[in-house]
Amino acid sequence: MGTISLKNVRKVFGDHVIIPGADLDIKNGEFVVFVGPSGCGKSTLLRMIAGLEDLTSGAIAIDGKDVSQAAPSERGLAMVFQSYALYPHMSVRNNIAFGLKMAGVPKAEIDSKVAKAAATLNLTDYLDRKPRQLSGGQRQRVAIGRAIVRQPQAFLFDEPLSNLDAALRVNMRVFIMQLHKDLSATMIYVTHDQVEAMTMADRIVVLNKGVIEQVGSPLELYNNPDSLFVAGFIGSPKMNFVTGSEAAKQKAHTIGIRPEHIDIVEGKGTWNGKIALAEHLGADSFLHVDADGAGRLVVRAPGEFRGKEGGAIALKPDMSRLHRFDDMGGVIR
Amino acid sequence: MATQQSRTLGRIAVAPSVIALFLWMIVPLAMTIWFSLLRYNLLDPNPFCSILSPGQLFDEANRCLAGTTNYYYFLTDPAFFKAMTNSLLIVGSVLLISVVGGTLFALLLDQAIIGRNIVRLMVIAPFFVMPTVAALVWQNMLMDPIIGFISWITKSLGMGAVDWFTYYPKTAVVIIVAWQWLPFATLILLTALQSFDEEQKEAAQMDGTPPLSFFWYMILPHLARPITVVVLIETIFLLNVFAEIYVTGTGGRAGNLPYLVYQYGLLANDIGGASAGGIVAVVLANIVAFFLMRMIGKNLEG
Amino acid sequence: MARAVSSRRKWTFTILAWALAFLIFFPILWTILTSFKTEGDAAAIPPKFLFFDWTFENYGIVQERSNYFKFAMNSVILALGSTFFALIIAIPSAWGMAFSPGKRTKDLLMWMLSTKMMPPVGALIPIYLIFRDFGLLDTRGGLIAVLMLLNLPIIIWMLYTYFKEIPAEILEASRMDGASVWKELVYVLTPMAIPGIASTILLNVILAWNEAFWTLALTTKDAAPLPQFIASYSSPEGLFWAKLSAASTMAIAPILVLGWFAQKQLVRGLTFGAVK
Numbered sequence: 020m021g022t023i024s025l026k027n028v029r030k031v032f033g034d035h036v037i038i039p040g041a042d043l044d045i046k047n048g049e050f051v052v053f054v055g056p057s058g059c060g061k062s063t064l065l066r067m068i069a070g071l072e073d074l075t076s077g078a079i080a081i082d083g084k085d086v087s088q089a090a091p092s093e094r095g096l097a098m099v100f101q102s103y104a105l106y107p108h109m110s111v112r113n114n115i116a117f118g119l120k121m122a123g124v125p126k127a128e129i130d131s132k133v134a135k136a137a138a139t140l141n142l143t144d145y146l147d148r149k150p151r152q153l154s155g156g157q158r159q160r161v162a163i164g165r166a167i168v169r170q171p172q173a174f175l176f177d178e179p180l181s182n183l184d185a186a187l188r189v190n191m192r193v194f195i196m197q198l199h200k201d202l203s204a205t206m207i208y209v210t211h212d213q214v215e216a217m218t219m220a221d222r223i224v225v226l227n228k229g230v231i232e233q234v235g236s237p238l239e240l241y242n243n244p245d246s247l248f249v250a251g252f253i254g255s256p257k258m259n260f261v262t263g264s265e266a267a268k269q270k271a272h273t274i275g276i277r278p279e280h281i282d283i284v285e286g287k288g289t290w291n292g293k294i295a296l297a298e299h300l301g302a303d304s305f306l307h308v309d310a311d312g313a314g315r316l317v318v319r320a321p322g323e324f325r326g327k328e329g330g331a332i333a334l335k336p337d338m339s340r341l342h343r344f345d346d347m348g349g350v351i352r
Numbered sequence: 125m126a127t128q129q130s131r132t133l134g135r136i137a138v139a140p141s142v143i144a145l146f147l148w149m150i151v152p153l154a155m156t157i158w159f160s161l162l163r164y165n166l167l168d169p170n171p172f173c174s175i176l177s178p179g180q181l182f183d184e185a186n187r188c189l190a191g192t193t194n195y196y197y198f199l200t201d202p203a204f205f206k207a208m209t210n211s212l213l214i215v216g217s218v219l220l221i222s223v224v225g226g227t228l229f230a231l232l233l234d235q236a237i238i239g240r241n242i243v244r245l246m247v248i249a250p251f252f253v254m255p256t257v258a259a260l261v262w263q264n265m266l267m268d269p270i271i272g273f274i275s276w277i278t279k280s281l282g283m284g285a286v287d288w289f290t291y292y293p294k295t296a297v298v299i300i301v302a303w304q305w306l307p308f309a310t311l312i313l314l315t316a317l318q319s320f321d322e323e324q325k326e327a328a329q330m331d332g333t334p335p336l337s338f339f340w341y342m343i344l345p346h347l348a349r350p351i352t353v354v355v356l357i358e359t360i361f362l363l364n365v366f367a368e369i370y371v372t373g374t375g376g377r378a379g380n381l382p383y384l385v386y387q388y389g390l391l392a393n394d395i396g397g398a399s400a401g402g403i404v405a406v407v408l409a410n411i412v413a414f415f416l417m418r419m420i421g422k423n424l425e426g
Numbered sequence: 029m030a031r032a033v034s035s036r037r038k039w040t041f042t043i044l045a046w047a048l049a050f051l052i053f054f055p056i057l058w059t060i061l062t063s064f065k066t067e068g069d070a071a072a073i074p075p076k077f078l079f080f081d082w083t084f085e086n087y088g089i090v091q092e093r094s095n096y097f098k099f100a101m102n103s104v105i106l107a108l109g110s111t112f113f114a115l116i117i118a119i120p121s122a123w124g125m126a127f128s129p130g131k132r133t134k135d136l137l138m139w140m141l142s143t144k145m146m147p148p149v150g151a152l153i154p155i156y157l158i159f160r161d162f163g164l165l166d167t168r169g170g171l172i173a174v175l176m177l178l179n180l181p182i183i184i185w186m187l188y189t190y191f192k193e194i195p196a197e198i199l200e201a202s203r204m205d206g207a208s209v210w211k212e213l214v215y216v217l218t219p220m221a222i223p224g225i226a227s228t229i230l231l232n233v234i235l236a237w238n239e240a241f242w243t244l245a246l247t248t249k250d251a252a253p254l255p256q257f258i259a260s261y262s263s264p265e266g267l268f269w270a271k272l273s274a275a276s277t278m279a280i281a282p283i284l285v286l287g288w289f290a291q292k293q294l295v296r297g298l299t300f301g302a303v304k
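Protein chains in written order, with the working numbering: chain F, 20 to 352; chain G, 125 to 426; chain H, 29 to 304.
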């Protein structure tokens, strides 16, 4: 139930290669996040799985059955769109029921399924409203309701939270994770936000310019990025990169070290410099340091750091956490 | 981007309208071209040239190949030159009146005036009046030299009455047609003006821009595109003005190209000649359309 | 945010606007007034504005003499019939162009617009002869076909601009929900586009109602709509102004009312979506 596999899936539009060839196996019940900057092909890949875009070549199988040529409706998938794509002329009830109605499910069964979904999603009081009478978060839940009533093989989410404000986004993130636990269904989730990817995914697929850069669990990607791109994309604040002589000392073209893996030391450190800016978040502070030889570095200081902007500071990286990259951006292990 | 299947369905869905419009355009055009090359008069049967007829349809007895004779006669008919100038006169003067007048009206109606909605309703009303009604009302009740309303005013002012349709038939037709199209231009330009950014207006006020410069540098560029559209749409309709001439009986002196073709065909039953005239009208319209489409294309892209 | 307007300026503009509007509207107002006069009052010099013997008899006489309702009925049938058939082929067409556009879609739309530029006289003779030889002259069916083709480009353009505003994701959602193309059109696209379709209908009814060239050329009496009815007043009966006015008022009133409601949509439709 709900395995999805992509075999050398290609998408070419005119002379424009969007996906040069992707391979991926998604296990049943897995929560997979496609992440990457905008224009990296993650949404296209999702839409190809949905059947809303053609494959130029390659094959997609769901549950071992080849669906490369099948229409969206024949694939047994449900999708939650970025704009929610609710039917504006239908009530919430009819929005949720539409898919079942199209499938010819008997009326009584539709009613009970809709009622159940609405209860799960706290929408029971809103069933007779039109989408325009709902708040952003409620619309989002209707979109999810429309997906869950059909009990699909897998759920596809296309940047579902990007239209919500920050506070709501955190709530919905937790809500979707809980939903995944309860339904234990396969979910593919597209986002450009690495925080969403890290917090939600069983496995993250990082895409860059249509190419799958790396697939792995959040911590695998955090600890062992395969490339400069993944290293820079995963983690917040971004990993520091240093090139030139400091990198050459480590026999690399570029070295990378995360802000949280640099210690502030007394006296003289590996890198010495001045604090240019300090961001105080309460639990910790991020210092932007102009270090001699290494350039601008961001360093995490736990708690309330007392140092002044413009003051001198000495830094020492945790060498076991240092990442080295060659001139092609690949990792040197 | 979409799937091949949805693209194919899209093509199939578009097909019926494309086919219908293509036939609607090409079949009459081809027939008109064919007829224009024939000696073909419904009232003047010529028994010696029925050999050419392909079937029983369309009065096979009355026609034989005439080559370019019809074109020769049509183009050298003094009536043709007159009709041409009348066509251009009607299009040109109505365009001028409606664009200039429409812009001024639109600017006026865009001001904070009392009862603006009612004023707007009154101004645009003539556009909805069917051409035959407009023609009859103007001809009889307003422009009649003896008991028409306008002659009453001019006589009360001591200027004497004007017999419009006898002495100034072209002016009369232009007035009637302009009365119908000025509201159209006003409506379009007013709608466009109302989409003018209020903050830009306020910024210009802060800068102390004088009204005339404001109009010239801000409003007019904003209206460039709607004005182009007005010119295009009106030209299409104005080249084909017919009812106003037909109903007022001014065809003899104010008749335009469509009226002349109608005269040739349905009044004189000279199908060949009328067809030649129709083709001439098509060619002329295409020349105008070519320039208009380029202008519009430029304006609509940006 | 309202601008501060001096009240003097406001009054100047108000008076000017009302005066000009009255001038433009006067022919219509005069026609309506005259339709309630006796023939004697209608031709009176100086003209009588409001103080005359108001009468409704002209309406009765016009109906009796030239059978207004027959012409009006024809107008209604022609306007609604041509609109209905045009919509049937225009909706799928606009759907195809709006949601699966190809490289040529823009050209296709421009070409459709260009068919409107073809002067009717270029097609008049063949259409007239075809109509005559197939017995279509003075039939409603024939005229419905002509009116439909005449306004089809405008209808398609208008629907296209409305459909363009519907997010493609909603149609995709219905596809994910398992709707077939037909169900997508019927349950999702059409209901969402109802306001747009309604305005399109309104505009097309107005255009068809007022179309004079083809109706004058192709009808005589059985299928003749209101433009022909009015044209029949042009010569001998033209002298009876009160009756002419009554006939004119009856011919323009329905469309005047529709037109007032449809102003906004009209702008959009007639400018092919370029001005909203």
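Glycine is no exception: its CB is placed at the ideal position from the N, C-alpha and C atoms. Computed from a predicted structure; not experimentally measured.
For residue 180 of chain G and residue 161 of chain G, what's the separation of their Cα atoms in angstroms? Because residue 180 of chain G sits at a pLDDT of 43, beneath the cut-off of 50, its placement in the model cannot be relied upon, and the point is left open.
Is there a Cβ from chain B that is less than 8 Å from the Cβ of residue 290 of chain G? As a matter of chain content, chain B is missing from the structure shown, whose protein chains are F, G and H.
In the DSSP assignment, the alpha helix (DSSP H) including residue 24 of chain F goes from what residue to what residue? Premise fails: residue 24 of chain F lies in the beta strand (DSSP E), 23-32, not in any alpha helix (DSSP H).
What does a CB cutoff of less than 7 Å around residue 91 of chain F pick up in its chain, not counting 5 residues either side in sequence? 69, 70, 71
So which residues of chain H does residue 64 of chain F contact, with C-beta pairs closer than 7 Å? The premise fails here: residue 64 of chain F is roughly 15 Å from chain H at the closest Cβ pair, so nothing lies under 7 Å.
Chain-order list of residues whose beta-carbon lies under 8 Å from that of residue 272 of chain F (same chain, five-residue window excluded): 262, 266, 344, 345, 346
Scan the region 101-130 of chain F for residues whose Cβ lies nearer than 9 Å to a Cβ of chain H and list them as they occur along the chain. 101, 102, 103, 104, 105, 106, 107, 108, 109, 117, 118, 119, 120, 121, 122
Would you please state the rounded distance, in angstroms, between the beta carbons of residue 244 of chain F and residue 350 of chain F? I believe it to be under 8 Å. 7 Å
CB of residue 274 of chain G within 8 Å of CB of residue 283 of chain G, strictly: no
Please state whether the Cβ-Cβ distance between residue 252 of chain G and residue 280 of chain H is less than 8 Å. yes
Residues near residue 178 of chain G by beta carbon distance below 6 Å, same chain, minus five either side: In this prediction, residue 178 of chain G has a pLDDT of 45, which is less than 50 and means its spatial position is unreliable; nothing more can be read from the coordinates.
Contacts around residue 116 of chain F, its chain only, beta-carbon distance under 7 Å, and the 5 residues preceding and following it disregarded: 129, 133
For the region 334-344 of chain G against the region 244-260 of chain G, do three or more pairs of beta-carbon atoms, one drawn from each stretch, fall closer than 8 Å, so that the two count as touching? no
Step through the CB atoms of chain H and report whether any lies within less than 8 Å of the CB of residue 338 of chain F. no
Contacts that residue 133 of chain G makes with chain H (C-beta to C-beta distance below 8 Å): 124, 128, 209
Should residue 204 of chain G be flagged as near chain H, meaning a C-beta pair shorter than 8 Å? no
Under 9 Å Cβ-Cβ, which residues of chain F neighbour residue 200 of chain H? 66, 69, 71, 91, 98, 100, 104
Counterpart residues of residue 293 of chain F in DSSP-defined beta bridges: F/309, F/331
Under 8 Å by Cβ, that's how I've got residue 259 of chain H and residue 385 of chain G pegged, so tell me the actual separation to the nearest angstrom. About 18 Å separates the two Cβ atoms, so there is no contact after all.
In whole angstroms, give me the CA-to-CA distance for residue 254 of chain H and residue 289 of chain G. 24 Å
What does DSSP give as the partner residues of residue 349 of chain F in its beta bridges? F/246
At the 8 Å Cβ level, is residue 7 of chain H part of the contact set with chain G, yes or no? Beyond the ends of chain H as shown, which are 29 and 304, falls residue 7 of chain H; an answer cannot be given.
Going along the chain, which unbroken runs of the alpha helix (DSSP H) with 4 or more residues stay wholly within the region 184-264 of chain F? 185-202, 213-219, 237-242, 247-252
May I have the straight-line CA-CA distance separating residue 311 of chain F from residue 240 of chain F, to the nearest angstrom? 30 Å
Please report whether the beta-carbon of residue 266 of chain H lies at a distance below 8 Å from any beta-carbon of chain G. Caution applies to residue 266 of chain H, whose pLDDT of 49 falls short of 50 and renders its modelled position unreliable; the value that the coordinates give is listed next. It does; some Cβ of chain G falls within 8 Å.
Using a beta-carbon distance below 8 Å, is residue 179 of chain G in contact with chain F? Model confidence at residue 179 of chain G stands at a pLDDT of 44, short of 50, so the residue's coordinates are unreliable and nothing is read from them.
Please say whether residue 251 of chain H and residue 166 of chain H have beta carbons closer to each other than 8 Å? yes
Within 8 Å of any Cβ in chain H, is that where the Cβ of residue 351 of chain G sits? no
Could you tell me the alpha carbon to alpha carbon distance between residue 125 of chain F and residue 138 of chain F, rounded to whole angstroms? 20 Å
Suppose contacts are defined by Cβ-Cβ distances below 8 Å. Is residue 316 of chain F in contact with residue 283 of chain F by that definition? no
Pairing CB atoms from the region 405-421 of chain G with CB atoms from the region 355-366 of chain G, are three or more of them under 8 Å? yes
Report buried or exposed for residue 220 of chain H, applying the criterion of at least 16 other Cβ atoms within 10 angstroms of its Cβ. buried
When the Cα atoms are used, what is the spatial distance from residue 158 of chain H to residue 223 of chain H? 38 Å
Answer yes or no: do residue 180 of chain F and residue 196 of chain F have a C-beta to C-beta separation smaller than 8 Å? no
Do you know whose CA, among H/109, H/235, H/129, lies nearest residue 170 of chain H's CA? H/109
Which residues bound the alpha helix (DSSP H) around residue 234 of chain H? 222-238
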